[in-house]
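Read the structure below first, then the notes.
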Amino acid sequence: MTEKIIIAGEGGQGIMLLGKIMAEAAMRENKFVTWLPAYGAEVRGGVAYCMVIISDEDIGSPYIDKANTLIILNQPSFIKFKNRLASKGLFILNGSLVKTDFKQSKQIVVQPFTDIAARLGNLKVANTVALGVYLEKNKILNPKTIFQVMEDFAPKNRPELVEINKQAFTQGTALVKK
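See below:
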């Protein structure tokens, strides 16, 4: 099993953090992993993306030409990466910020991640809603490991961040179970 994931959005949407959480969780589950970040020239507000590969065997290169999964959080990222999905790949789109005529299907998930995050009280957890969708569709990592990584990554003086991210993750998984 080798899963190639491109996560893209606007600087400040937690794209890199999402990739780091996935990579760290994969390492803790004794998988081979790479994480390759790329920041747009503008950084905050520009297109930021990372490439994550999770595998049961050695990984030759961290670069992904065609991804098994694209997690796209905004329109400019959709335009930039929409042709980078492998045949029969999984497309996860933030319907709050990505406008497309793609229809919901087994391989295409379009849900309002930012709107859900706003209802939870923190726009910055839209990335975690998307993570919940991804792991419900592709059970490559254990949610318990993800939660442990979130706890370890969160500032010790901000335990509420862990709780809201767990809520966001659960909201994401519920979107797939409908």
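The sequence shown lines up with residues 53 to 230 when you count with my numbering. Note that beta-carbon positions come from the ideal geometry of N, C-alpha and C, so glycine has one too.
{"query": "Assumed close pair ILE73, VAL201 - CB separation to whole angstroms, cut-off 8 Å", "result": "5 Å"}
{"query": "Local Cβ density within 10 Å of TYR115, reported as buried at 16 or more and exposed below that", "result": "exposed"}
{"query": "Chain-order list of residues whose beta-carbon lies under 7 Å from that of ILE192 (same chain, five-residue window excluded)", "result": "GLU55, ILE106"}
{"query": "ASN179, buried or exposed, once every other Cβ within 10 Å from all chains shown has been counted against 16", "result": "buried"}
{"query": "C-beta atoms of THR197 and GLU81 nearer than 9 Å", "result": "yes"}
{"query": "Sub-9 Å separation of PHE143 and ILE124 beta-carbons", "result": "yes"}
{"query": "Check whether ILE216 and PHE133 have beta carbons under 9 Å apart", "result": "no"}
{"query": "Closest by C-alpha distance to PRO128, when choosing among TYR186, THR152, VAL214, VAL161", "result": "THR152"}
{"query": "Sequence-distant residues of the same chain with beta carbon closer than 6 Å to GLU76, five excluded per side", "result": "VAL201"}
{"query": "Three-way DSSP call (helix, strand, coil) for PRO89 in this model", "result": "strand"}
{"query": "Buried versus exposed, by CB contacts within 10 Å (16 or more), GLN156", "result": "exposed"}
{"query": "DSSP state of LEU227 mapped onto helix, strand, coil", "result": "helix"}
{"query": "Contact under 9 Å by Cβ, VAL185 with VAL161", "result": "yes"}
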